Every structure is written in structure tokens, then in C-alpha cells.
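In our numbering, the protein residues as written are 61 to 382.
Note that CB positions come from ideal geometry on N, CA and C, so glycine has one too.
Bear in mind the structure is a predicted one, so any value in this text is a computation, not a measurement.
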Ligand code: TXA
Ligand code: MG
């Protein structure tokens, strides 16, 4: 199996990655949430290459990563609530969906032809170094094939694109990502604040800050982000949620202290720590998938803090496949 080139994320590696982006090619890089498949946000050709490499439907827009709020404001219009959230949580696992500015130079394809743009400042030294060197936005969805499990290690990215004709020219290796689930996506427009996707930033934290501005956020009921509509984050094995016993042939994804056991088994956090569980979630799903078990049984996980995002991803992993 021929894999993509993985390089160290030292100054030399980052400089090479920035040059690769300038040449219009794709680079996978670490963020604090998951690895991203990056391309020049201002190049139609680079954005098209991202969609093709991922096998992603063109109606599902991309997040543009930026170095800071000033760079974000070249692309998007920030109302009061968006500014307050950005000031408080950036760099961090928060993506803000805002109206595109009149002078927005990002490819219309990052917005899937719409009038909003998703922006985020990642909290990772390698990603920030790359963004500063590159000097403009980097569009980057999670660096997995569409519908599959997001990568939290450089090797996962290489596995994802091993059999793909179009793949990142190189992968910057920054080790395992800290948070392990994707950013929280919040839309801020026309005085309304809506949470489109739960993620690494908890609703408790968002509400505390949003309460200090005019708008208070609500979970979007009508229009989740386009990427949330289909089965997603899925291993090859079927996923059975809320497991209180293990059935014949099943692999087990445990949480907290338990007497349940299976030949293929991982425990997300023996002490019941939700942040630890988020950190290991995707890597363990990959490992249990590799065991060849037809089904992965998952123990219940509390619906609080980052547990909300973990359960959201697991429900999509368990959803009916197309
Ligand atoms: O943590 C993350 O967010 C990672 C890292 C690499 O930054 N990226 C990521 O990208 O998860 P992706 O493409 O896998 O998910 C982006 C989500 C999708 O659900 C997409 O539909 C939504 O953000 N999104 C992007 N632009 C949008 C827009 N203009 N309006 C509504 N939703 C948008
Ligand atoms: Mg994704």
C-alpha cells in the first residue's frame, strides 16, 4: 500500500507545507480538534481538489481557517455576538458561520455557492504557524474520505487516502490531536445565534459568554449544517448504541468502570472523564473496526459537556448507511 508522505511539523516542514499550498496543492495538517485537509481558500482549483479528494458532495460547504480575527474579517462580517464569541474563544474549537463580506476573496465554492462563510482560528501551534506563513485563509474539512471517521493522527490521514487517486501532497505530523472531536459550529447572522453542530466547545461555555451579548444561542432545529444530514463518522462495522451487554461476535467500546468484556475492547475513559473519551473516540473506533468484528457495541455516555458531541458523532456513526 503506497501512503502519502508524512513529514515532521518543524519550521522546515511548515515552510514546505506553505509553499505546497501556494503551488495550489493540498496539505493535511493538525489542529486541536482533528486533522484538516487544507487548500488555498482563495483558489477555485484547490477547493475543487478538496471536494474530489474527499468524495464530498459540493453542496456541503467548507471551514476556512484563519490566523486571527483580523484575517477572519477580510472574509466574513462579524456582528456583535460573533465578535464577542470570536474574542472569547479564538483560538479554539469554535467555527463561526457569518455573512460573506462584499470583498470576500474566498472561492464561492467554500460556501457551496451560499452567502455565508464558516471561519475558525485553530488552537494549535503548527496550524497557526502555517496560517501565518501562508498569509491567507486555508479551507480545510476533516482529512477523511466523506462519511468516514475523522483522523486524529497523521497515520489515519495516510490510511484514508491510501487508495485515493487524489490525495494530500504531504501530511504535517503534529502527533495526536488534543480534543479529538470537531469544532462546534455556530451561525451568527441577523442578530440570531444558532448552534449548527455540537463539538469541542461545550454549550455550557457558549451560553456563559453569549449571555453577555444581546443574542442568546439556541440549538438549530430547522437547519443543521449541511454536513450533518447524512450517515457520517462511520466505521465499516455496524454501531450499536446504549449497550448494557455484549452479544456474540461484537467488539466493545466501553466507558467508565465496567465488568463488560469482549475479545476486541477499548475503554474511552475507565474513570468516566468525558474529555479523555473525546480524545480517544475516533482512534478507538478505528482500532475496533480493524478487529474485523461486524458490530461495535458502545456503552452509554452521559449527555453533558463534550459528551453531547461524542453522542452526536456516535448516533451518526450508527445511522442507516446509504
Ligand atoms: O474541527 C473542525 O471543525 C475540523 C478541523 C479540521 O478544523 N474541520 C471540520 O470540517 O470538521 P468538516 O468539513 O468536516 O465540517 C465542517 C462542518 C460541516 O458540517 C459543514 O456543513 C459546516 O461545517 N459548514 C461549513 N460551512 C458552512 C456554512 N457556510 N453554513 C453552514 N454550515 C457550514
Ligand atoms: Mg468532517
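DSSP lists 96 as the bridge partner or partners of residue 202. Secondary structure in the stretch 301–356: the beta strand (DSSP E) runs of 3 residues or longer, each lying completely within the stretch, are 311–314, 325–327 in chain order. Scanning its chain for C-beta atoms nearer than 7 angstroms, with the 5 sequence neighbours on each side dropped, one finds around residue 291 the residues 207, 376, 379, 380, 381, 382, in chain order. Taking a cut-off of 8 angstroms for Cβ pairs, the stretch 178–185 and the stretch 216–233 do not touch, as fewer than three such pairs fall below it. In this structure, the C-beta of residue 121 approaches the ligand TXA to less than 6 angstroms from one of its heavy atoms. Ranked by Cα distance from residue 317, the options 355, 234, 215, 360 are led by 360.
It is roughly 13 angstroms from the alpha-carbon of residue 78 to the alpha-carbon of residue 127. The C-beta distance from residue 124 to residue 197 rounds to 4 angstroms, short enough to fall under 8 angstroms. Boundaries of the beta strand (DSSP E) around residue 178: 176–180. Beyond the five residues adjoining it in sequence on each side, residue 114 comes within less than 7 angstroms, by CB distance, of 97, 201, 205, 206 in the same chain, given in chain order. Beta-bridge pairing by DSSP links residue 160 to 136. Boundaries of the beta strand (DSSP E) harbouring residue 230: 230–233, taken from the DSSP string. Using a Cβ-Cβ distance cut-off of 8 angstroms, the stretch 161–170 and the stretch 70–77 are not in contact, since fewer than three pairs of beta carbons, one from each stretch, lie closer than that value. Per the coordinates, the alpha-carbon of residue 329 lies some 44 angstroms from the alpha-carbon of residue 161. Looking from the CA of residue 349, the closest CA among 68, 72, 324, 268 belongs to 324. Separation of the CB atoms of residue 232 and residue 109 is rounded to 17 angstroms, and the pair is thereby denied contact status at 8 angstroms. For the ligand MG, no non-hydrogen atom lies closer than 6 angstroms to the CB of residue 360.
The C-alpha of residue 327 is placed about 5 angstroms away from the C-alpha of residue 315. The three-state reading of DSSP puts residue 221 in coil, since its state is none of H, G, I, E or B.
Remark: the C-beta of residue 242 is in contact range of the ligand TXA, defined as less than 6 angstroms to any heavy atom. Secondary structure note for residue 193: it is in no beta strand (DSSP E), and the uninterrupted alpha helix (DSSP H) holding it is 185–194. Ranked by Cα distance from residue 209, the options 182, 150, 297, 250 are led by 297. Under the three-state reduction of DSSP output, residue 245 falls in the strand class. Pairing residue 301 with residue 337, the inter-Cα distance amounts to about 15 angstroms. Non-local C-beta neighbours of residue 102 in its own chain, meaning closer than 8 angstroms and more than five positions away in sequence, comprise 165, 166, 167, 196, 197, ordered along the chain.
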